[in-house]
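Engineer: Take this structure first; my questions come after.
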């Protein structure tokens, strides 16, 4: 325990954050999980911001507030997660008293602004649905800015009050916080002075920052529900409700976790439940917000699902073809060490790496498309959902998506192609050193099938995704799509297997029911 002298009293100068686990073996796994969550949150929210800034059609009150919410989500996760990632990588889990108070202040500043901003967004939905004729007047640019500024001022006052009140407490020891960031309930139980005033302040703040906004949101949506139910058309009612469902989902997650964390003043004991709620509040909620707001349309959900799985499977194909080229290189150029270098473990690892890289690529593109807006038309000039045809339907900027597609095509196409070329250059050099013509023919024949599949797969892939200057769909794209999704998978068994005499013999025995003699 780190203590510093102050008169006759001893006070804690550093705290120790226990974090999510004390098991060393779990730390690398948790590091990867939370790093991916952090990157997904940053990229998702910044994609929303970029789309809002670039696209004039998104310069509306709803998207202005959504942009501010994205900034708050990025800030909220950045206050807690980077420090947690640092603790996963090192054994030093200490945090200074000043850093702890700073983390507490900024967390409550950002989370508090979130509270009020969600209330303003509910009021915005109320005006849009219940008073559409006066909406532009009641939600003018000046009112939007004033609403955000007031949210920040109220939240700043609360965060400063809580931080100053906490700084007056004495911490004599112990100094171990059973959490992964500094927050009020966990710090209260470490204080060796009275926390009665702090609990009262927290109760008042929880009521003002939680109950009052929640009541206002409920009243707003009460009016919205009444107005929507007066709409005679079922389609109209469904459309009106769908514009509010995303916001209500975020409100439910945010306020549910907040009430659990701060309204239990009778018990300040920390537990694993608090850590779970903390993860929901600081990691999951900011990460899900872009998806919740963008994926409220079932048609978009279906399209994105198809898009994700298509790119996942095609990406695995890319890297698996590279692994197969490496296998041929080892078999021909390093035959004596082949069984060691291409063991069962190595095979499983290579397939696992292929799937992981492809999953990250597919998820990145799907999330990036999910933040685009599709205002109409909704006709895709293709027979399946893919990036180029969807890009031309978007009414928001696709600049970021184009850059991501270029990077993805380079990493998933150019890099594997280079590795395949290098592998086969070594193979060709080794084969040409074989003196027997029959030996050279046999060696080349083992690679011919793979090279044929590589040419078909990468040729169609480059045509589809490396033409960023033009996203217009045409009949050529459909033809390439048929080659890539139907012809290539159909020919692969023929190319790989049916040219092999052993496979031909096995198939004949299966069809005739004859077994191979022992």
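Numbering (our numbering), first residue to last: 58 to 575.
Note that CB positions come from ideal geometry on N, CA and C, so glycine has one too.
Here the structure is a predicted model, which is why all the values come from computation and not from measurement.
Given that a residue counts as buried once 16 or more other Cβ atoms are within 10 Å of its Cβ, and exposed if not, what is residue 85?
Structural biologist: exposed
Engineer: What number of angstroms, rounded off, separates the C-alpha of residue 245 from the C-alpha of residue 302?
Structural biologist: 37 angstroms
Engineer: Grab the span of the alpha helix (DSSP H) containing residue 429 for me, first residue to last.
Structural biologist: Unbroken run through residue 429: none, as it is neither H nor E.
Engineer: Do you know offhand how far residue 452's Cα is from residue 422's?
Structural biologist: A straight line joining the alpha-carbon of residue 452 with that of residue 422 spans about 17 angstroms.
Engineer: Buried or exposed for residue 204, going by 16 or more other Cβ atoms inside 10 Å?
Structural biologist: Buried.
Engineer: In three-state terms, what does DSSP make of residue 151?
Structural biologist: In the three-state scheme derived from DSSP, where H, G and I count as helix and E and B as strand, residue 151 is classed as strand.
Engineer: Taking C-alpha atoms, which residue in 82, 425, 480 and 278 lies nearest to residue 186?
Structural biologist: 278
Engineer: Of all the options 92, 90, 125 and 89, which has the alpha carbon lying nearest to the alpha carbon of residue 103?
Structural biologist: 125
Engineer: Candidates 507, 95, 485 and 240: which alpha carbon is nearest residue 164's?
Structural biologist: 240
Engineer: Quick one, which of 389, 374 and 405 has its alpha-carbon nearest residue 514's?
Structural biologist: 374
Engineer: For the region 266-277 against the region 170-178, are there 3 or more C-beta pairs whose distance is under 8 angstroms?
Structural biologist: yes
Engineer: Under 7 angstroms: does the beta carbon of residue 402 sit that close to some heavy atom of the ligand ZN?
Structural biologist: As far as ligands go, the structure on display features none, and thus does not contain the ligand ZN.
Engineer: Mind checking who residue 41 pairs with in its DSSP beta bridge?
Structural biologist: Within the shown structure, residues of the chain are numbered from 58 to 575, placing residue 41 beyond reach of any answer.
Engineer: Find the nearest neighbour of residue 280 within the set 427, 424, 297 and 290, judged by alpha-carbon distance.
Structural biologist: Each of 427, 424, 297 and 290 was checked against the Cα of residue 280, and the nearest Cα belongs to 297.
Engineer: Ignore the nearest five residues each way along the sequence and tell me which others in residue 391's own chain have a CB closer than 7 angstroms to its CB.
Structural biologist: Close CB contacts of residue 391 within its chain, under the 7 angstroms cut and outside five residues either way in sequence, are with 398 (chain order).
Engineer: If you check the beta carbons only, do residue 97 and residue 424 fall under 8 angstroms apart?
Structural biologist: A contact, by the Cβ cut-off of 8 angstroms.
Engineer: Identify which residue in 304, 131 and 407 has its Cα closest to the Cα of residue 340.
Structural biologist: Of the residues 304, 131 and 407, the one whose Cα lies closest to the Cα of residue 340 is 131.
Engineer: Assign residue 563 to buried or exposed, taking buried as 16 or more other Cβ atoms, counted over all protein chains shown, within 10 Å of its Cβ.
Structural biologist: exposed
Engineer: Quick check for students: name the residue ranges of the alpha helix (DSSP H) that lie wholly in the region 135-208, counting only runs of 4 or more.
Structural biologist: 154-187 and 192-195
Engineer: Once the 5 residues before and after residue 483 are set aside, which same chain residues still bring their CB inside 7 angstroms of it?
Structural biologist: 386 and 390
Engineer: If contacts are defined as beta-carbon pairs under 8 angstroms, then residue 220 and residue 311 qualify, I think. What distance do you get, rounded to the angstrom?
Structural biologist: Between residue 311 and residue 220 the Cβ distance is about 21 angstroms, and since that is not below 8 angstroms, they are no contact.
Engineer: Contact check, residue 500 vs residue 510 under 8 angstroms by CB: the rounded distance?
Structural biologist: Contact doesn't hold; Cβ gap of about 18 angstroms is too wide.
Engineer: Helix, strand or coil for residue 100? Go by DSSP, reduced to three states.
Structural biologist: Correct three-state label for residue 100: helix.
Engineer: Judging by CA-CA distance, which residue of 449, 417, 418 and 346 is the nearest neighbour of residue 431?
Structural biologist: 449
Engineer: To the nearest angstrom, report how far apart residue 363 and residue 442 are at their CA atoms.
Structural biologist: 7 angstroms
Engineer: Residue 442 by DSSP, collapsed to three states: which one?
Structural biologist: For residue 442, the three-state secondary structure derived from DSSP is coil.
Engineer: Would residue 157 be called buried (16 or more neighbouring beta carbons within 10 Å of its own) or exposed?
Structural biologist: buried
Engineer: Using the rule of at least 16 other Cβ atoms within 10 Å of the residue's Cβ for burial, across every protein chain shown, is residue 309 buried or exposed?
Structural biologist: exposed
Engineer: Going by the CB atoms, is the gap between residue 150 and residue 76 shorter than 8 angstroms?
Structural biologist: For residue 76 and residue 150, yes; Cβs fall inside 8 angstroms.
Engineer: Could you check if residue 460 is buried or exposed, using at least 16 other CB atoms within 10 Å of its CB as the buried criterion?
Structural biologist: exposed
Engineer: Going by the CB atoms, is the gap between residue 179 and residue 133 shorter than 8 angstroms?
Structural biologist: no
Engineer: Which value, in whole angstroms, describes the spacing of the CA atoms of residue 166 and residue 217?
Structural biologist: 8 angstroms
Engineer: Can you tell me whether residue 391 is helix, strand or coil according to DSSP?
Structural biologist: coil
Engineer: May I ask you to report which of helix, strand or coil DSSP gives residue 411?
Structural biologist: helix
Engineer: Under three-state DSSP, which class holds residue 507?
Structural biologist: Residue state, collapsed to three classes: helix.
Engineer: Classify residue 504: buried if its beta carbon has 16 or more other beta carbons within 10 angstroms, exposed otherwise.
Structural biologist: buried
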